[in-house]
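Quick note: the sequence shown, position 172, residue 259 per this note's numbering, numbers continuous.
Beta carbons: idealized from backbone N, C-alpha and C, even for Gly.
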Amino acid sequence: MGSEREGRERAASGAGAATRLRSRLDQPLLPRRRLLPEWDPEAFGRLSERIARFLGTGRFIVWMTVVIVLWVVWNVSAPEELRFDDYPFIFLTLMLSLQASYAAPLILLAQNRQDDRDRVNLEQDRKQNERSIADTEYLTREIAALRMGLGEVATRDWIRSELQDLVKELEERQGDGRGVFPAEHPRGRDAGDR
Numbered sequence: 088m089g090s091e092r093e094g095r096e097r098a099a100s101g102a103g104a105a106t107r108l109r110s111r112l113d114q115p116l117l118p119r120r121r122l123l124p125e126w127d128p129e130a131f132g133r134l135s136e137r138i139a140r141f142l143g144t145g146r147f148i149v150w151m152t153v154v155i156v157l158w159v160v161w162n163v164s165a166p167e168e169l170r171f172d173d174y175p176f177i178f179l180t181l182m183l184s185l186q187a188s189y190a191a192p193l194i195l196l197a198q199n200r201q202d203d204r205d206r207v208n209l210e211q212d213r214k215q216n217e218r219s220i221a222d223t224e225y226l227t228r229e230i231a232a233l234r235m236g237l238g239e240v241a242t243r244d245w246i247r248s249e250l251q252d253l254v255k256e257l258e259e260r261q262g263d264g265r266g267v268f269p270a271e272h273p274r275g276r277d278a279g280d281r
């Protein structure tokens with residue numbers, strides 16, 4: 088009976104803990120303790136890009152050459168008790184391979200971030216090009232509609248030529264003696280009655 092009672096108490100305390108956690112949904116949960124340290128991936132990416140940029144400069148090559156030359160000169164010409172890496176320079180080889188093992192992933196990370204930025208820029212360029220093409224097609228249709236509309240509109244030159252033709256026709260009628268207005272025209276009848 089005692090074990091049954093303990094089981095009910097544990098179940099009640101577990102249910103109480105669950106209701107306590109669920110009762111305040113408007114409150115953020117307390118942060119969980121983690122075994123590994125956390126870091127900002129964006130800050131780490133920026134740092135890797137800075138390191139990769141430095142590794143790709145002439146300054147890095149010069150400094151790396153200076154360090155290697157000093158290392159070799161010190162371990163060849165220094166007194167025996169001050170040397171820390173004798174002739175096959177195994178420690179130097181180890182340090183260079185350690186540097187390379189860190190440099191390669193940092194360079195790859197920087198390249199991946201650059202690829203992501205390039206992908207976003209290409210997508211934005213593609214969308215901008217689509218908008219430009221759509222705008223160009225719209226303007227082309229509008230210009231075609233204006234040209235079609237202008238085909239039906241009387242231009243200044245056309246009106247001048249029509250007026251000149253009418254003036255010539257009027258001059259010819261006056262020269263024939265028929266008058267300006269024909270007889271069937273209302274003004275022509277009025278003029279004939281007077």
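Query	Result
Taking DSSP as the reference, what is the three-state secondary structure of residue 125?	coil
Whole angstroms are fine: how far does the CA of residue 232 sit from the CA of residue 135?	57 Å
Could you tell me which of 245, 159, 181 and 155 sits nearest to residue 173, measuring between CA atoms?	159
With a threshold of 16 other CB atoms inside 10 Å of the CB of residue 197, please say whether the residue is buried or exposed.	buried
Considering residue 53, what are the terminal residues of the alpha helix (DSSP H) in which it resides?	There is no way to answer for residue 53, as the model of the chain reaches only from 88 to 281.
If you reduce the DSSP assignment to three classes, tell me which class residue 174 lands in.	coil
Taking 8 Å as the threshold, find out whether the segment 169 to 188 comes into contact with the segment 233 to 241 through three or more Cβ pairs.	no
Buried or exposed for residue 193, please, with buried defined as at least 16 other CB atoms from any protein chain shown within 10 angstroms of its CB.	buried
Go to residue 113, then tell me how far its alpha helix (DSSP H) extends in each direction, as first and last residue.	Neither: residue 113 is in no alpha helix (DSSP H) and is coded neither H nor E.
Measure the Cβ-Cβ separation of residue 200 and residue 132 and say whether it is below 7 Å.	yes
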